[in-house]
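Residue numbers (the working numbering), protein chains in the order written: chain D, 1 to 198; chain A, 1 to 198; chain Y, 1 to 198; chain S, 1 to 198.
There are 4 protein chains.
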Amino acid sequence: MATRSDTTKCKLYDAALALIAEKGFAGTTVDEIVERAGVAKGTVYYHFAGKAELVEALIAERLTPLQEQFRMTLEAACTPSAALEALVRAELEWIRDNRSFSKMLMTELWREERIWHDTLFSLRHSIIGYFERAIADGIAAGVFRSDIDAAFAASALFGMTVTSALDWLVFSPETPLDTVAEQIRRLASMAVTSGSAA
Amino acid sequence: MATRSDTTKCKLYDAALALIAEKGFAGTTVDEIVERAGVAKGTVYYHFAGKAELVEALIAERLTPLQEQFRMTLEAACTPSAALEALVRAELEWIRDNRSFSKMLMTELWREERIWHDTLFSLRHSIIGYFERAIADGIAAGVFRSDIDAAFAASALFGMTVTSALDWLVFSPETPLDTVAEQIRRLASMAVTSGSAA
Amino acid sequence: MATRSDTTKCKLYDAALALIAEKGFAGTTVDEIVERAGVAKGTVYYHFAGKAELVEALIAERLTPLQEQFRMTLEAACTPSAALEALVRAELEWIRDNRSFSKMLMTELWREERIWHDTLFSLRHSIIGYFERAIADGIAAGVFRSDIDAAFAASALFGMTVTSALDWLVFSPETPLDTVAEQIRRLASMAVTSGSAA
Amino acid sequence: MATRSDTTKCKLYDAALALIAEKGFAGTTVDEIVERAGVAKGTVYYHFAGKAELVEALIAERLTPLQEQFRMTLEAACTPSAALEALVRAELEWIRDNRSFSKMLMTELWREERIWHDTLFSLRHSIIGYFERAIADGIAAGVFRSDIDAAFAASALFGMTVTSALDWLVFSPETPLDTVAEQIRRLASMAVTSGSAA
DNA sequence: TATGAATGAGCATTCATTCAT
DNA sequence: CATGAATGAATGCTCATTCAT
């Protein structure tokens with residue numbers, strides 16, 4: 001099933017991802033990518049229209065499983081609180097396991113002129129959508145406070161998790177994921193749980 | 001007092017900032033910067049050692065007032081809760097008023113090879129430090145829960161605010177700052193306030 | 001009789017001719033040729049040694065009938081004047097019916113480094129030879145003036161016809177061939193007919 | 001008056017012209033041009049948008065004097081016959097003195113996709129216009145036959161001259177210009193002069 | 001203090017050709 | 001007889017930097 005083309009593309013994806021995470025898109029040359037992938041330069045242009053399109057294809061290919069994972073995470077959870085916790089954990093795990101990809105996403109997400117801008121933004125929107133659904137469910141069920149905007153809170157929690165995750169991986173990678181998840185859980189659950197406020 | 005040299009540098013700073021925010025550091029050429037600044041190409045190299053050094057100087061010049069503002073914000077607040085709220089508001093205001101700069105910071109922060117990497121990271125560290133101090137004060141005073149790590153929570157709140165701010169500016173810039181600040185205040189205050197947890 | 005090989009070659013000839021007429025030899029890629037011909041890239045190299053050799057074979061294949069037509073035209077004419085007129089008409093007809101080929105000939109004729117340069121020049125020489133023979137016959141018969149060089153006049157008339165034909169096809173293709181032929185006949189016959197000069 | 005820029009551009013024009021006449025536009029590399037011109041590669045792109053634009057500028061720059069020469073030639077002539085003869089002679093002289101340029105014109109004129117296509121065609125049109133005016137004057141004056149189309153005859157004579165000139169330069173460059181001019185004069189003057197026809 | 005023509009190493013991309021199937 | 005994935009030398013172009021004025 002894995003054709004020769006697929007194998008070659010995969011080698012290119014891996015090489016490009018590792019290099020771009022380290023040096024950025026503009027800082028990575030096609031020469032470096034093909035050298036790392038072990039193919040000739042022309043091969044990139046046989047399979048893709050150009051360097052940017054290679055990255056676009058890479059993003060599309062690697063992002064589908066991520067979205068799928070989030071979808072399943074949300075479906076598996078019984079309560080809104082559990083769903084939120086599971087989503088945070090899934091996000092942390094994915095960032096930990098796809099560090100290169102996460103870093104690339106962080107640095108390329110806000111660059112508006114890139115051709116994969118739309119792909120990236122729709123991903124972001126769809127992921128935050130899962131958080132939003134969990135929060136909206138919690139509000140409807142009365143377990144989450146009703147004076148917050150679900151969409152706003154979703155984006156805020158997502159950003160909190162990303163920031164914490166990157167801090168974690170850069171400054172104290174030896175900390176177990178559970179500890180990080182627990183810290184975020186405490187902050188996040190309190191932030192949205194209904195009850196007495198300040 | 002404003003010498004001709006200062007005027008020229010300022011024009012270069014403004015031009016570079018606007019362009020880099022839009023297209024990134026690597027995507028912005030010296031030609032574009034000097035054209036927008038209305039000076040000749042050689043002028044950049046008369047005032048700075050190179051393109052990177054121009055940006056480094058720009059960052060250093062624009063960062064001092066930011067830190068100063070945070071310092072004063074923290075000093076002016078009476079209670080830890082008020083301090084946290086004021087810091088969030090200061091962060092939001094700054095991002096709103098320095099949108100280009102914020103965007104540049106977001107995209108360049110994680111690029112390790114850049115010469116201003118250290119400057120940027122120490123800025124981040126210092127800003128988060130203000131949040132951390134407010135949270136630690138609150139924990140010590142018993143108004144904030146003691147089962148969270150002040151440093152961790154500080155970074156998380158900072159990231160939550162940045163993410164919300166960028167979402168705000170990109171997707172719904174017409175929303176008043178007060179509304180955004182209030183949403184974050186609700187999430188943040190609950191997150192750290194001591195009381196019953198989920 | 002038409003083997004599969006012949007069919008494939010013919011498809012390649014047609015595709016190559018159309019593209020080269022429009023974009024020139026250097027401006028046409030093998031990829032474009034095979035796409036238009038509907039065959040795979042390797043097929044070109046199965047049948048020909050390379051791109052240049054494909055064009056060389058194409059020229060050789062399409063040129064034989066042209067020369068044959070000129071030979072028969074000359075033989076069929078009774079008088080030198082009629083011969084000249086018939087040659088002009090044959091040239092016009094061929095250019096009209098082989099527009100792509102004519103255009104390719106025009107642009108490639110003066111490119112000395114090409115491998116088919118000799119083929120093309122000998123063709124040109126042979127065609128002009130037919131004109132020359134008709135003019136020389138006319139001079140010998142006393143119906144054409146004797147103060148012109150037959151070879152020179154042949155080349156001049158040939159060039160006049162080509163130029164007029166291309167102008168015709170490019171700028172006023174709706175004009176009937178007869179009108180064009182008649183105009184050239186008037187200019188040409190006067191040019192060579194013996195009588196009083198200016 | 002000759003600025004540094006002008007000097008550099010001129011060196012590039014000379015180098016490009018010589019090389020393109022020999023090897024064609026597509027066959028000439030920018031590297032070859034700059035090496036022959038004795039400047040660095042970037043210089044081409046400092047002064048022109050690209051290789052094609054360099055050639056476009058070259059054509060525009062070298063064509064103005066040619067048109068001017070034709071205009072003066074036509075004005076200086078007393079009679080239509082003399083005008084025609086002078087135009088033919090001017091064309092021959094120019095082709096002889098600008099052999100590289102002529103050859104480039106011949107091979108690039110029919111390539112429709114080039115950016116200088118319009119420039120080249122309007123030149124052609126303007127030059128043929130001078131022939132046309134002379135012929136039309138002769139017809140009006142009764143010295144040229146009235147059964148030919150002035151525009152058609154102009155194009156035909158122009159083409160006849162070009163073809164003869166290139167034949168001359170390629171196959172018998174030792175022939176004096178006067179001999180060639182005289183041959184063409186005989187053919188051309190007879191072709192258009194009013195009198196008994198075949 | 002400022003200019004802008006010139007530089008050249010580095011880059012993305014093209015494309016005729018090869019070859020295993 | 002035909003394919004199409006792979007190749008890599010060659011090419012047009014970019015752009016940070018230099019320097020004479």
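For each residue, glycine too, the CB sits at the ideal point set by N, CA and C.
All of these numbers come straight from a predicted model, not from anything done at the bench.
- Relative to residue 171 of chain A, the option among D:121, D:15, D:43 whose CA is nearest is D:121.
- DSSP places residue 171 of chain A within a helical segment (H, G or I) once states are collapsed to three.
- Within 7 Å of the CB of residue 43 of chain D, no CB atom of chain A is found; the nearest one sits about 25 Å away.
- The three-state reading of DSSP puts residue 131 of chain D in helix, counting H, G and I together.
- Per DSSP, residue 56 of chain S is one residue of the alpha helix (DSSP H) stretching across 51-76.
- DSSP places residue 29 of chain Y outside both helix and strand once states are collapsed to three, so it counts as coil.
- The alpha-carbon separation between residue 50 of chain Y and residue 44 of chain Y amounts to approximately 7 Å.
- Contact of residue 27 of chain S with chain Y by beta-carbon distance below 9 Å involves 26, 111, 113.
- Neighbours of residue 162 of chain S in chain Y, taken as residues at a C-beta separation under 8 Å, are given in chain order as 159, 163.
- When A:130, A:19, A:187 are compared, the shortest CA-CA separation from residue 75 of chain A is found for A:130.
- In terms of beta-carbon proximity, residue 107 of chain Y lines the interface with chain S, with at least one pair separated by less than 8 Å.
- Using a Cβ-Cβ cut-off of 9 Å, residue 184 of chain D is close to 152, 156 of chain A, given in chain order.
- Taking a C-beta cut-off of 7 Å against chain S, the contacting residues of the region 125-155 of chain Y are 147, 148, 149, 152, 153, 155, listed in chain order.
- In this structure the region 141-148 of chain S does not lie against the region 175-187 of chain S, because fewer than three pairs of beta carbons, one per stretch, are closer than 8 Å.
- For the region 6-23 of chain A, residues whose beta-carbon sits nearer than 8 Å to a beta-carbon of chain D comprise 22, 23.
- Contacts with chain D at 8 Å (Cβ-Cβ) do not include residue 72 of chain A.
- In the DSSP assignment, residue 3 of chain Y is bridged to no other residue.
- Spanning the alpha carbons of residue 46 of chain Y and residue 5 of chain Y requires a straight line of approximately 10 Å.
- The region 12-24 of chain S makes no contact with the region 180-187 of chain Y; the number of CB pairs closer than 8 Å stays below 3.
- Chain order gives the chain A residues near residue 167 of chain D as 155, where near means a beta carbon separation below 7 Å.
- Between residue 90 of chain Y and residue 73 of chain Y, the C-beta spacing is below 8 Å.
- A direct Cα-to-Cα measurement between residue 34 of chain D and residue 52 of chain S gives close to 31 Å.
- Counting of Cβ neighbours within 10 angstroms places residue 111 of chain D among the buried residues, the total reaching 16 or more.
- Taking a beta-carbon distance threshold of 8 Å, residue 120 of chain D does not count as an interface residue toward chain A.
- Boundaries of the alpha helix (DSSP H) harbouring residue 94 of chain S: 80-97, taken from the DSSP string.
- Contact between the region 99-109 of chain D and the region 129-144 of chain D is absent, with fewer than three C-beta pairs closer than 8 Å.
- Within chain S, 110 have C-beta atoms less than 7 Å from the C-beta of residue 103 of chain Y, given in sequence order.
- The C-beta of residue 123 of chain A comes no closer than 8 Å to any C-beta of chain D.
- For the options A:48, A:123, A:192, A:113, the alpha carbon positioned closest to that of residue 139 of chain A is the one of A:192.
- Taking every protein chain shown into account, the CB of residue 115 of chain A has fewer than 16 other CB atoms within 10 angstroms, so this residue is exposed.
- Sixteen is the threshold: when 16 or more other Cβ atoms of the shown chains lie within 10 Å of the Cβ of residue 188 of chain D, as they do, the residue is buried.
- Residue state for residue 144 of chain Y is assigned as strand, using DSSP reduced to three classes.
- Counting along the chain, residue 42 of chain S sits inside the alpha helix (DSSP H) bounded by residues 41-47.
- Among the residues facing chain A, residue 187 of chain D is included, as its CB has a counterpart in that chain under 8 Å away.
- DSSP places residue 178 of chain D inside the alpha helix (DSSP H), whose first and last residues are 177-192.
- Minimum Cα-Cα distance from residue 24 of chain A among the listed residues A:40, A:118, A:162, A:107 corresponds to A:107.
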